[in-house]
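Below you'll find the structure, written out as structure tokens, and then a few comments.
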Amino acid sequence: MITGKEIRQQFVDFFISKGHTFVPSSPVIPTDDPTLLFTNAGMNQFKNIFLGLKEPSFPRAANSQKCIRAGGKHNDLEEVGKDGYHHTFFEMLGNWSFGDYYKQEAITWAWELLTEIWKLPKDKLHATVHHTDQEAFELWQKNTDINANYITYHGDKDNFWEMGETGPCGPCSEIHFDRGENYCDKSQTQGHECKVNGDCARYIELWNLVFIQYNRDDRGTLHPLPNRYVDTGAGLERICQILQNQTSNYHTDLFLPILDHISALSSIPYSKEDGISHRVIADHIRCLSFALADGGFPSNEGRGYVLRRILRRAARHGRLLNLHEPFLYKLVDTVIEVMGHHYHELIEKQHYVKSVIKAEEERFNQTLDTGLDKFNAIVSELKGDTIQGSDAFTLYDTYGFPLDLTTILAEERGLLVDLAGFEAEMELQKARAREAGNFKHNFTQMEWIELSDIQGTTFVGYTEPSVQTLVTRYTLDDNNGIAFQLEKTPFLAEAGGQVADTGTVSNAGFHIEVTDVRKQNDSYIHYGKLVSGVVDANPVTASINPEQRKRTARNHTATHLLHKSLRTVLGEHVQQKGSLVSPDYLRFDFAHFEALSKEQIRQTEQLVNEQILANIAVRTDIMNIEDARKTGAMALFGEKYGEEVRVVSVEHFSRELCGGTHVAATGDIGFFKITAETSSAAGIRRIEALTGDAAMRWVDELQDNFSRVAEKLNTPQKKLFERIDLLLKQQSDMAKELESLKQNAALDAVKALEEQAEVRDDYKLIITKVNATTTDEVRQLGDALKESASSTVAVLFATFDDKVTINVTVSKDLTGRFHAGKLAGQIAAWVGGKGGGKPDSAMAGGKDILALDNAIAETKKLLS
Ligand code: SER
């Protein structure tokens, strides 16, 4: 049987033989395309080529791309498990032409590979074309021996492909495989017609050939692209199903080992009919393994939230298979057995991926238990059959229940969830968050005032702190806030955690203070304040603030040293998860599962300072990405890089791909000090640190505080700890002494009370006012009296806090005759209050202090 691995290789080899260059898959987490949640198609990494923003390095490319379709325009999450061919994660085999060949070759080669190399029966293959694309229709007829009746026209829904709401798109031609009549799952549905795109499982789409020729903008309008492109995609899992002669993608060698592992863990064998949970878990664990290995992380927003939902969905299906303890993480090893040979990142990140999944499963188990209680409470109070949107939102927001989990649980009880209400709550929360965030730039739509035709900006800031240049376009807001572009700029834009340069741009006519800079494609947009004058087209001097640049550079190089030192001290699993490099301090977030010990912090700090003392030159080299990888340069997790990269190295210590600004030699950092180590999210630690003069000032302040403590204690610094120990000992001795004094005083008080006792025939009576300031004191006195005196009834009165407090105690031997609780109630009534308690001891109180003397007299009467 041909394996999945062989199929992947044969596809790539076939297109290499047709002049294509193999391109590795890009990460499933796209870091540079905010319009995209996950990489959802092979063409994503070529988007800028299609848009004419980037020159291709070769005219033809082929690969197998890791894709995730969960959330966003292409979302298959809800379908997964129900059938044999929907996935959140899958591999897309693809070939591309960048303004080179077009429809004819794309069609001819697809046919050749399917029918000659893979020998699929021609009478089972069908082709579809867009209803306007007669050219493609005729090319199928002329260039292949497909049955002419099997070429059909279809509308936009099936034959116009778009990657998202905006972006490159075009008509497409799909190839479908007829699995045979008995695969139809809609034969009982009225009006069902078994045909291509007829919505049943008989015809399965194998390959999509897209002829990209438009860009859709954010208003929905199509614009023709300067060139025409081919973008094809064939699902590897589906091709495996067909070539391995199986009835489901899940029954191929890409999935079977994972299903087997699930059966072994749960002791519930997999069956096609009863296998939804097995399939969901097998699909989701592939998705999670790849997403985490490429830098994704479960969280409460954006793609992190989608990953959390996927994990929780898998965990819940685990519960349906009686798997109550964390188990998903164990399956990662099997995913790696199946895929690791082609996707080495899985092997590199194996330990990390497993730990993240396990920690998240543990958290979910806890959440599930508390959330289920809350869910049951909501259901038990439910009027009607619909769970309110606000309740679903509380489950989501406070108990971490994904909406689909609430929906599943509701369905199980025959209930509905008010989805619109949930969305409304979600919007409200987002609006609150927006209001809370402070927006730096109010320029939503740039209405540029054009001063020049020059497009784009040349960045010269690595070498030039100040240049003569031109303002090419600008826009002002009502408060003289300005956004503008320059022909050349020395200002580094915000990127990779490093904040932008600040500085000035001016000429004889105007002066601008620059506070922020952002990069947009090839342009640098500078933001700031027009302090004086009117912007003109004359040459300007653009200068960065050199002091700020220097401080930022110290923190940036120190961040690289810190990253490497953490990996040395804690281990290779340490991955950068976020960083802020500002002139004032640096902040570094990284994956690690527990707080650092004092010792580890000290070691890390020392390692960084050793590099600083060694004063090693910092090099930057521009090189090809492959060469950079070979030198062992650390690439940021999941980051997508161009062909040419900038490598920043500190000889024999650290080497990272980085576009930021750095010191010339490590000695320029001066001194490095970690000031805080905290948790930033589950599984992520945060370090804050200072360098140079800021670090020195921090130490000075520490020293000042220490001196002040010594002064306050009037002790030389060297003797400070001795002195503190002595003070602590004195304090504890005093506390002991105080305690024993109190006890003695209490004993004396009890003795004095006993001496006041009036002796009756066979018992003693103590009825008196005592000095006390709290209820507890009165009670303790009463208790002590009860312990010490036998055959005694005691009633103690005290006044404090504007009320009368009464304690009644009766010795054990008298409880047959007197009941302390009842007495207390009776006596309290005389001071306008209430009370009660046990037969041998009771408390009571009343507000009427003026009636106290009378109450004492009445009590004496009562008990005589
Ligand atoms: N972009 C197309 C798809 O995803 C073909 O690669 O189907």
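When we follow numbering that gives the first Met the number 0, the leftmost residue of the sequence shown carries the number 0, and every step to the right adds one.
Where is the CB? At the ideal position from N, CA and C, for every residue including glycine.
In the DSSP assignment, Asp-620 falls within the beta strand (DSSP E) that extends over 617-623. Secondary structure remark: continuous alpha helix (DSSP H) runs of at least 4 residues inside the segment 808-842, in chain order: 819-829. For Asp-588, the beta-bridge partners assigned by DSSP are Gly-577 and Arg-685. Under the DSSP assignment, Ser-863 falls outside any beta strand (DSSP E); it carries neither an H nor an E label. For Asp-332, no beta strand (DSSP E) run applies; the uninterrupted alpha helix (DSSP H) run containing it begins and ends at 327-338, by DSSP.
The Cβ-Cβ distance between Gly-844 and Val-803 falls below 8 Å. For the set Arg-684, Leu-606 and Arg-227, the Cα lying nearest the Cα of Phe-670 is the one of Leu-606. Counted as a single uninterrupted DSSP element, the beta strand (DSSP E) harbouring Ser-542 occupies residues 539-543. Remark: the C-beta of Trp-160 is in contact range of the ligand SER, defined as less than 7 Å to any heavy atom.
Per DSSP, Met-695 is one residue of the alpha helix (DSSP H) stretching across 691-711.
In this structure Ala-499 is buried. Its beta-carbon is surrounded by 16 or more other beta-carbon atoms within 10 angstroms. Residue burial is scored here from C-beta neighbours: Trp-447 has fewer than 16 other C-beta atoms within 10 angstroms and is therefore classed as exposed.
Non-local C-beta neighbours of Ala-358 in its own chain, meaning closer than 6 Å and more than five positions away in sequence, comprise Gly-682, ordered along the chain.
For Glu-593 and Thr-603, the gap between their C-alpha atoms comes out near 15 Å. When C-alpha distances from Lys-271 are compared across Arg-472, Asp-75, Val-807 and Gly-83, the shortest belongs to Gly-83. Per DSSP, the beta bridge partners of Ser-96 are Arg-59 and Val-229. Close CB contacts of Ala-634 within its chain, under the 6 Å cut and outside five residues either way in sequence, are with Leu-656 (chain order).
Relative to the ligand SER, the beta carbon of Ala-105 is positioned no closer than 7 Å to any heavy atom. Ranked by Cα distance from Met-42, the options Gly-232, Leu-258 and Thr-674 are led by Gly-232.
Distance between Leu-112 and Lys-121, taken at the CA atoms: about 12 Å. Under the rule that a run must span 4 or more residues, no alpha helix (DSSP H) segment is found entirely inside the segment 168-226. With distances taken between CA atoms, Ile-203 lies nearest to Thr-246 out of Ser-186, Glu-161, Thr-246 and Val-229. Cβ atoms of Leu-569 and Ser-653 stay farther apart than 8 Å, at about 15 Å. Arg-550 is not a Cβ neighbour of Glu-687, given a cutoff of 8 Å. A check of alpha carbon separations from Arg-601 across Arg-618, Ser-564 and Asp-626 identifies Ser-564 as the nearest. Within its own chain, the residues whose Cβ lies closer than 8 Å to the Cβ of Lys-846, once the five positions on either side in sequence are excluded, are Asp-801, Lys-802, Val-803, Val-830, Gly-831 and Gly-832, listed in chain order. Across the structure, Phe-210 and Thr-151 are spaced so that their CA atoms are roughly 17 Å apart. For Gly-339, the CB contacts under 6 Å within the same chain, skipping 5 residues up- and downstream, are Leu-345 and Ile-346 in chain order.
Taking a C-beta distance under 8 Å as the contact criterion, Arg-302 and Gly-295 qualify as a contact pair. Under the three-state reduction of DSSP output, Asn-43 falls in the helix class. DSSP, reduced to helix, strand and coil, places Lys-750 within a helical segment of the structure shown.
Between the ligand SER and Val-195, a heavy atom-to-CB distance of less than 7 Å is absent. Scanning its chain for C-beta atoms nearer than 7 Å, with the 5 sequence neighbours on each side dropped, one finds around Thr-798 the residues Ile-848 and Leu-851, in chain order. Counting other Cβ atoms within 10 Å of its Cβ, Gly-834 reaches 16 or more and is therefore classed as buried. In this structure, Val-646 is the residue among Val-646, Asp-282 and Ile-615 with its C-alpha nearest to the C-alpha of Glu-625.
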